[in-house]
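A.B. asks: This is the structure, below, for whatever I ask next.
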Amino acid sequence: MAEQKAADVKKMSFEEALAELERIVSELEEGGGSLDQAINAYERGTALKKQCEEKLKQAKQRIEKITVNQAGDIAVEPADLD
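One point on numbering: in the working numbering, the residue at position 72 of the sequence shown is 746, and numbering is uninterrupted.
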């Protein structure tokens with residue numbers, strides 16, 4: 675069951691995962707529900723956070739910068755964002 679939920683999260687887009695994560699955080703902050711529900715929500719939130727971080731990492735790796743050398747040639751190279 676937990677593996678299926680993890681696979682479900684891995685299929686989500688960044689926006690979907692972030693929206694659900696925000697909903698979970700809001701519900702946890704309200705403090706409603708049982709302890710088991712809170713633990714399950716926290717576990718789901720952790721998986722969603724990981725998915726968001728992975729999607730951002732992938733996006734960062736895809737960003738490129740365009741440079742022009744002294745000869746006027748245009749080149750594309752990976753951006754150094756660190």
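Yeah, the Cβ is synthetic: ideal placement off N, Cα and C, and Gly gets one too.
In the structure shown, what three-state DSSP assignment does K685 receive?
C.D. replies: coil
A.B. asks: Could you check how far apart the C-beta atoms of V683 and Q725 are, in whole angstroms? I think they sit under 8 Å.
C.D. replies: Rounded to the nearest angstrom, the Cβ distance from V683 to Q725 is 5 Å, consistent with a contact under 8 Å.
A.B. asks: If I'm right that L695 touches K723 with Cβ under 8 Å, what's the distance once you round it to whole angstroms?
C.D. replies: 6 Å
A.B. asks: Measuring alpha carbon to alpha carbon, tell me which of L730, I713, A721 and N714 ends up nearest F635.
C.D. replies: No answer is possible for residue 635: the residues shown for the chain start at 675 and end at 756.
A.B. asks: For I737, which residues from the same chain have a beta carbon less than 6 Å from its beta carbon, with the 5 sequence-adjacent residues on both sides left out?
C.D. replies: A753
A.B. asks: Return helix, strand or coil for I713, following the three-state DSSP convention.
C.D. replies: helix
A.B. asks: Can you tell me which residues form a DSSP beta bridge with V742?
C.D. replies: I748
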